[in-house]
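Enquirer:
Numbering (our numbering), first residue to last: 621 to 1066.
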């Protein structure tokens, strides 16, 4: 008597995936109850996306955030956004005056820094906080300007030092002066610039940042006594951000020069992870945090040595530290439109971005699992799928879509769940910026 054939992973997904409502912010949350079971009592839930500036990912993440806040008691929203800049956004969502669009400024190349859906999420948080017994805080986790400039952190550090240690101000001012010619719309601009920079100048910048980090660290008690603990914690975070950004830029420059070091490329992800762990440490017991970041940041697994990807993405140290207290949920799609990124040293952000068709799912991709679930957004518990795959020795997906390509990743280990939406479109302000950029740049491909 022959044993029954084990279900292929795509068929298992078709039978077991949870169908979710089309992202409608007015719809009841009944379909999201499986998310409550998936999350359990985790302290951190990371919601990813295969590409930034996608409307459907923003709407799905917004709806999940509202569910996790209103139904599960989460009270912090932490985002892949500059930690220093995020303090003003936190004050705004908790009721301070100001203009959100001025706080979330467009990038220097004209593309939006946060999507229209991301800004709508912040507006909802502000309205929610106006009457909520437990207001939701906002936290930026990232290095400044996506690694494009040290100024957003060194300028407030210089002002802080002028108050608590005027003798150390010159460290921050010198670092600002040395880094100013390297600044641009993203970390790629200084990475390109460093290819032409005298190594002695790079070493001098790194050395002065090391002196600054040492000064702020060893003077902790004096600074706290003179300026208060919160101001000190902010300054220390900003100095670490400057130091990590410098290391990130140097590693990216080496990558562009043909000598990648996957360990050094993890400088940004290390700062993202440390920002979140520090946030947990200084939060009240029981604080629960929603994280919004790219799938490539939230994965639980390390990347192979010697490759062009950060060796330890943010999610890896978080999973090591928090274990089951960290849940990562990747977002992808069955197809549609996405963002293409092409490295371009002449571009204000160091790369050109334009609309593109999402590539077709390959047999070894996560996206192929959802071939039979194209009528609605669907959620699959990858932990249950992994158990089925390994019980029967079935081949597992080894890639997930990233922008208009694929990222190698052991997906069933990297994510606790994957949500796939049927089709994607670009967020409205990216589409407008892309259209304007094409109109003003006739030499760009149409």
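Even glycine gets a Cβ: it sits at the ideal position worked out from N, Cα and C.
#1: Mind listing, in chain order, the continuous alpha helix (DSSP H) runs of no fewer than 4 residues lying wholly within the region 790-862?
#2: For residue 1028, I'd like the list of residues in its chain whose CB is within less than 7 angstroms of its CB, leaving aside the five on either flank, ordered along the chain.
#3: Looking only at its own chain, which residues have a Cβ that is under 8 angstroms from the Cβ of residue 888, when we skip the five neighbours before and after it?
#4: Please work out which residues of its chain come closer than 6 angstroms, Cβ to Cβ, to residue 1012, disregarding the five sequence neighbours upstream and downstream, and give them in chain order.
#5: Which residues share a DSSP beta bridge with residue 1020?
#6: Since residue 641 sits in a beta bridge, which residues does DSSP pair it with?
#7: Terminal residues of the continuous beta strand (DSSP E) containing residue 973?
#8: Compute the distance between the beta-carbons of residue 1047 and residue 735, then report whether it is under 8 angstroms.
#9: With which residues is residue 1105 paired in a DSSP beta bridge?
#10: Beta-carbon separation of residue 953 and residue 993 under 8 angstroms?
#11: Residue 676 lies in the beta strand (DSSP E); which residues open and close that run?
#12: Nearest to residue 908 by CA position, among 624, 651 and 660, is which residue?
#13: Does residue 701 come out as helix, strand or coil in the three-state DSSP assignment?
#14: Which of helix, strand or coil does DSSP assign to residue 636?
#15: Should residue 633 and residue 947 be called a contact, given that it needs their Cβ atoms to be closer than 8 angstroms?
#16: Using a Cβ-Cβ cut-off of 6 angstroms (strictly less than) and excluding sequence neighbours within five positions of residue 910, which residues of its own chain qualify?
#17: Are there three or more Cβ pairs, one per stretch, closer than 8 angstroms when the region 819-828 is compared with the region 847-857?
#18: Would you identify the three-state DSSP class for residue 1044, choosing helix, strand or coil?
#19: Can you find at least 3 beta carbon pairs, one from the region 928-943 and one from the region 642-658, that sit closer than 8 angstroms?
#20: Decide if residue 750 is buried, meaning its Cβ has at least 16 other Cβ atoms within 10 Å, or exposed.
#21: So, at 8 angstroms on beta carbons, what are the nonlocal neighbours of residue 971 in its own chain, with the 5 sequence-adjacent residues on each side left out?
#22: Can you tell which of 1025, 955, 987 and 989 has its C-alpha closest to the C-alpha of residue 676?
#23: Let me know the secondary structure DSSP gives residue 907 once reduced to three states.
#24: Going straight from the alpha carbon of residue 741 to that of residue 973, what length do you get?
#25: According to DSSP, is residue 735 helix, strand or coil?
#26: Tell me the DSSP secondary structure of residue 767 in three-state form.
#27: Would you grab the beta carbon distance between residue 1024 and residue 979 for me? Rounded to a whole angstrom, and I think it's under 8 angstroms.
#28: Closest by CA to residue 611, which one among 832, 984 and 1010?
#29: The beta strand (DSSP E) with residue 646 in it runs from where to where?
#30: Look at residue 951 and residue 669 and say whether their C-beta atoms are less than 8 angstroms apart.
#31: What does the Cβ neighbour count give for residue 917, buried or exposed, with the cut at 16 atoms within 10 Å?
#32: Tell me whether the beta-carbon of residue 737 lies closer than 8 angstroms to the beta-carbon of residue 682.
#33: According to the Cβ coordinates, are residue 759 and residue 835 closer than 8 angstroms?
#34: How many whole angstroms separate the CB atoms of residue 991 and residue 981, which I take to be in contact at a CB cut-off of 8 angstroms?
#35: Within the same chain, show all residues whose beta-carbon is closer than 6 angstroms to that of residue 811, passing over the 5 residues directly before and after it, in chain order.
#36: Measure the alpha-carbon distance for residue 928 versus residue 880 and round it to whole angstroms.
Expert: On the basis of the coordinates in this document:
#1: 808-815, 819-838 and 840-847
#2: As a working note, residue 1028 is residue 408 in the chain shown. So the list reads 1018 and 1019, once near-sequence residues are dropped.
#3: Mapped onto the chain shown, residue 888 falls at position 268. Only 762, 763, 767, 807, 864, 865, 868 and 930 meet the Cβ criterion.
#4: In the chain shown, residue 1012 corresponds to position 392, counting from 1. Contacts found: 626.
#5: Taking the first residue of the chain shown as 1, we reach residue 1020 at position 400. Note: residue 1020 sits in a beta bridge opposite 1027.
#6: Along the chain shown, one-based indexing puts residue 641 at 21. The partner list for residue 641 (beta bridge, DSSP) is empty, contrary to what the question assumes.
#7: Taking the chain shown and counting its residues from 1, the one referred to as residue 973 is at position 353. Element bounds for residue 973: 971-977.
#8: The sequence position of residue 1047 within the chain shown is 427, counting from 1. The sequence position of residue 735 within the chain shown is 115, counting from 1. Yes, the pair counts as a contact, with Cβ atoms nearer than the cut-off.
#9: No answer is possible for residue 1105: it lies beyond the span of the chain, which begins at 621 and ends at 1066.
#10: Numbered from its first residue, the chain shown carries residue 953 at position 333. Numbered from its first residue, the chain shown carries residue 993 at position 373. Contact: no.
#11: Working through the chain shown from its first residue, we reach residue 676 at position 56. Counting along the chain, residue 676 falls outside any beta strand (DSSP E), though it belongs to the alpha helix (DSSP H) covering 675-692.
#12: Within the chain shown, residue 908 is the residue found at index 288, counting from 1. Of 624, 651 and 660, the residue nearest in Cα terms is 660.
#13: Here residue 701 is taken as the residue at index 81 of the chain shown, counted from 1. In this structure, residue 701 counts as strand in the three-state DSSP scheme.
#14: Start at 1 with the first residue of the chain shown, and residue 636 comes out as number 16. Residue 636 falls in the helix class under three-state DSSP.
#15: Counted from its first residue, the chain shown places residue 633 at position 13. Counted from its first residue, the chain shown places residue 947 at position 327. No, these two residues do not count as a Cβ contact at 8 angstroms.
#16: For the purposes of this step, residue 910 is identified with residue 290 of the chain shown, where counting begins at 1. Once the five neighbours on either side are set aside, the close Cβ partners of residue 910 are 665, 685, 688, 694 and 697.
#17: no
#18: Position 424 of the chain shown, counted from the first residue, corresponds to residue 1044. Three-state result, residue 1044: strand.
#19: no
#20: Sequence index remark: in the chain shown, residue 750 carries index 130 (1-based). Exposed: under 16 other Cβ atoms inside 10 Å.
#21: Counting from 1 along the chain shown, the entry for residue 971 is found at position 351. Excluding sequence neighbours, residue 971 sits near 806, 808, 961, 962, 963 and 964.
#22: Indexing the chain shown from 1 puts residue 676 at position 56. When each option's Cα is compared against that of residue 676, the closest is 955.
#23: Residue mapping note: residue 907 aligns to position 287 of the chain shown, counting from 1. Residue 907: coil per DSSP, three-state reduction.
#24: Residue numbering aside, residue 741 sits at position 121 when the chain shown is read from its first letter. Residue numbering aside, residue 973 sits at position 353 when the chain shown is read from its first letter. When rounded, the distance between both Cα atoms is 24 angstroms.
#25: The residue labelled residue 735 in the question sits at position 115 within the chain shown. Residue state, collapsed to three classes: coil.
#26: The count along the chain shown starts at 1 and reaches residue 767 at position 147. In this structure, residue 767 counts as helix in the three-state DSSP scheme.
#27: Working through the chain shown from its first residue, we reach residue 1024 at position 404. Working through the chain shown from its first residue, we reach residue 979 at position 359. Contact holds; Cβ gap of about 6 angstroms.
#28: This structure does not reach residue 611, given that the chain is present from 621 up to 1066, and the question cannot be answered.
#29: Looking up residue 646 in the chain shown gives position 26. Unbroken run through residue 646: none, as it is neither H nor E.
#30: The sequence position of residue 951 within the chain shown is 331, counting from 1. The sequence position of residue 669 within the chain shown is 49, counting from 1. Result yes, Cβ atoms of residue 951 and residue 669 sit closer than 8 angstroms.
#31: Taking the chain shown and counting its residues from 1, one reaches residue 917 at position 297. Residue 917 should be labelled buried.
#32: Residue 737 sits at position 117 when you count from the first residue of the chain shown. Residue 682 sits at position 62 when you count from the first residue of the chain shown. A contact, by the Cβ cut-off of 8 angstroms.
#33: The sequence position of residue 759 within the chain shown is 139, counting from 1. The sequence position of residue 835 within the chain shown is 215, counting from 1. No, they are not a contact pair.
#34: Counting from 1 along the chain shown, the entry for residue 991 is found at position 371. Counting from 1 along the chain shown, the entry for residue 981 is found at position 361. About 7 angstroms separates the two Cβ atoms, so the contact holds.
#35: Position 191 of the chain shown, counted from the first residue, corresponds to residue 811. Closer than 6 angstroms at the Cβ level, and outside the excluded window around residue 811, lie 869, 872, 873 and 876.
#36: For the purposes of this step, residue 928 is taken as residue 308 along the chain shown, with counting starting at 1. For the purposes of this step, residue 880 is taken as residue 260 along the chain shown, with counting starting at 1. Approximately 6 angstroms, taken between the alpha carbons.
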